[in-house]
Amino acid sequence: NSGSITSGFGAINNGSSNITTTGVGTFASLDISGDIDVDGTTNLDVVDIDGAVNMATTALVTGVLTTTAATVFNGGFASNADSTVGGTLTATKLVSANGILELDDNGSHNGIINSPASLFLNIDSDNGATNEKFQVAKDRTSTSGGTALFTVNEDGSAAFSGTALVTGVLTTTAATVHT
């Protein structure tokens with residue numbers, strides 16, 4: 015009941031019958047021209063797939079995933095570390111879990127936000143607080159420190175650090191001027 019099947023002819027034809035083993039089958043190479051159905055875990059050292067891959071559940075990559083084609087994420091993308099996108103990142107909504115969005119390339123270029131139409135920066139968008147502000151500052155990377163250059167408060171008041179230069183017409187409905 016034990017032993018091996020060998021052939022000096024290079025092929026074994028078993029007709030349409032199955033070959034069943036409860037042990038380990040060892041092959042120097044295996045060429046299958048039909049479907050493969052594997053029950054259990056399959057451990058493959060290297061996989062070379064010439065066609066499409068259809069994953070019914072999660073694909074876990076513990077090393078580096080390299081693609082040579084355009085990568086498409088249907089349903090989102092999550093990363094447990096910094097991720098770099100070379101080229102254009104197209105998104106309907108970009109959410110930062112910690113509230114910080116950096117336009118950074120190691121300091122060699124300016125950060126630019128372009129909008130072909132109106133651009134809205136909304137403060138207190140959930141109406142959950144009072145005394146919120148929109149602020150433009152320099153020499154800082156967080157909510158404090160550095161120098162605040164321009165502040166618009168939630169009540170509509172504005173403050174400038176330094177001199178406010180107006181070119182053109184300045185119209186006010188009520189103003190108090192401090193000199």
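Numbered per our numbering, the sequence shown spans residues 15 to 193. Note that the Cβ used here is the ideal one computed from N, Cα and C, for glycine as well. This structure is a prediction, so every number in the text was calculated from the model and none was measured.
- Lys147 is bridged by DSSP to Asn167.
- DSSP lists Ala151 as the beta-bridge partner residues of Ala162.
- As a beta-bridge residue in DSSP terms, Phe174 pairs with Phe164.
- The criterion of a C-beta distance shorter than 8 angstroms is satisfied by Ser175 and Ala162.
- The closest CA to that of Thr80, considering only Thr71, Val99, Asn68, is found on Val99.
- Nearest neighbour of Gly159 by Cα position, chosen from Gln149, Ser47, Asn167, turns out to be Gln149.
- Beyond the five residues adjoining it in sequence on each side, Ile137 comes within less than 7 angstroms, by CB distance, of Glu146, Lys147, Phe148, Glu168 in the same chain, given in chain order.
- Thr165 sits close to Ala173, with the two beta carbons spaced by under 8 angstroms.
- The Cβ-Cβ distance between Leu117 and Gly125 falls below 8 angstroms.
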